[in-house]
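If you count the sequence shown from 1, position 144 lands on 157 in the working numbering, and the numbers rise without skipping.
Ideal placement from N, C-alpha and C gives every residue a C-beta, glycine not left out.
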Amino acid sequence: MRSRALLIALTVSLFSPFTPAIAAEPKVAIAYDIGFLGDNSFNDAVHLALKAAKKKYGLVEPFVREVPTNGTAVDRLTRLRFLAKSGYTLIIAVGPGYRQTVARVSKEYTETQFAIINDKSIAQLNVSNIYFREDHGAYLAGIAAANLSKRKSIAFIGSEPELLESFTKGARVNFPKVKIKNVSYPDSVESLRSQLSGVDIAYSTWDGDPSVVAVISEGFAGKIKLISEIPDQYFAQIPQTKSIIVATVSKQMTKPISQLVSAALESRALIDVLDDAEGIYGREYNATNGGVGITFNIAVNSSLKSQLRQALLQLKQG
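What follows is the structure in structure tokens.
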């Protein structure tokens, strides 16, 4: 009798239809940078983008999760490992502060897809580097600065040669004789103040603190207007800056977060080739695909609008 039961069991096992292993159900997690929500920077921008994605795709707990960090290497590592062990199929890390952690944990959990916002350095197939063309933003800022300047004397405040080059190209497309000052961020407020003398529009990439805003608002009130950056510059969105900021170059988070979430829900990943030689994958966001843009706090003339439209066409053509 026992032998007959065993035979029946074997027969059922052999001839029953095979049931494949069920893939892990898509779950999305966001690991925020220092400051968590309310930082007026990348954390808030990503959170708003995630909020839109949750509504668009009907995401609810526990299929989406947001976690903070205190910024230490140990805490970042603990957070990402916890999320990976908890079965989150896409883990989005906000900011290059997670670079080393994502590089390490992505090798430990090769079946988990990771993404890092505002970075282009991790050569792992299961890491989506979300990269923004800052040179496109600088180019648009140059066009705007030259057009808005009445004195045709403008400044680039920053220490990135490639962004200065793009800013200069943009400024001189329509105003080849415009004067451009390269103001490397100085060691003292007095030095910054002296270097800004004579200009009336400045584009700043400095995001360490609000000292540039303070110098312009206190020492050049009504004389110099500023083109800022968001979400890089947390201080660019506080009410006190509205009187001096005429335009803002922005990295748009809605599209990349939406595309990351959409891909995860379909068991895909954003792995366009960003650097073939280095093996870096992800997606580039720029001025031509809505990832980088410029907005104005003042009414702008039709000439500037036309110049910006032409600039986008030129950028599309390379």
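* Whole-angstrom C-beta distance between residue 294 and residue 141, which should lie under 8 angstroms -> That belief holds up - the Cβ atoms of residue 141 and residue 294 are roughly 7 angstroms apart, short of 8 angstroms.
* **residue 40, buried or exposed, once every other Cβ within 10 Å from all chains shown has been counted against 16** => Label assigned to residue 40: buried.
* At least three beta-carbon pairs within less than 8 angstroms, the region 303-313 to the region 90-105 -> Contact between the region 303-313 and the region 90-105 is absent, because fewer than three Cβ pairs lie under 8 angstroms.
* On the three-state DSSP scale, how would you describe residue 82? -> The three-state reading of DSSP puts residue 82 in coil, since its state is none of H, G, I, E or B.
* Between the C-alpha atoms of residue 189 and residue 204, what's the straight-line distance to the nearest angstrom? -> Each residue's Cα considered, the two are about 28 angstroms apart.
* Asked: What residue from 327, 260, 279 and 296 has the CA that sits closest to residue 355's CA?
  -> Nothing in the structure corresponds to residue 355, since the chain is present only between 14 and 331.
* Decide if residue 34 is buried, meaning its Cβ has at least 16 other Cβ atoms within 10 Å, or exposed. => Bear in mind that a pLDDT of 30 at residue 34, under 50, signals an unreliable position, so the number given afterwards is only what the model happens to contain. Residue 34 comes out exposed.
* **Three-state secondary structure (DSSP) of residue 308** => Residue state, collapsed to three classes: strand.
* With a Cβ-Cβ cutoff of 7 angstroms, do residue 238 and residue 257 count as a contact? -> The Cβ atoms of residue 238 and residue 257 lie closer than 7 angstroms to each other.
* Asked: When the Cα of residue 320 is compared with those of 90, 156, 112 and 136, which residue comes out closest?
  -> Minimum Cα distance to residue 320 is reached at 156.
* To do: Would you give the residue range spanned by the beta strand (DSSP E) that residue 241 belongs to?
  => Here the beta strand (DSSP E) through residue 241 covers 238-243.
* Which class does residue 183 belong to by DSSP, given the choice of helix, strand or coil? -> In the structure shown, residue 183 adopts helical secondary structure according to DSSP, grouped into three states.
* To do: Could you tell me whether the Cβ atoms of residue 53 and residue 107 are closer together than 7 angstroms?
  => Contact flag unset, no.
* Asked: residue 181 and residue 193: beta carbons closer than 7 angstroms?
  -> In contact: residue 181 and residue 193 (Cβ atoms closer than 7 angstroms).
* What are the boundary residues of the alpha helix (DSSP H) that includes residue 152? -> Element bounds for residue 152: 147-161.
* Asked: In terms of residue numbering, what span does the alpha helix (DSSP H) encompassing residue 213 cover?
  -> Taken as a continuous stretch (DSSP letters only), residue 213 belongs to no alpha helix (DSSP H), as it is neither H nor E.
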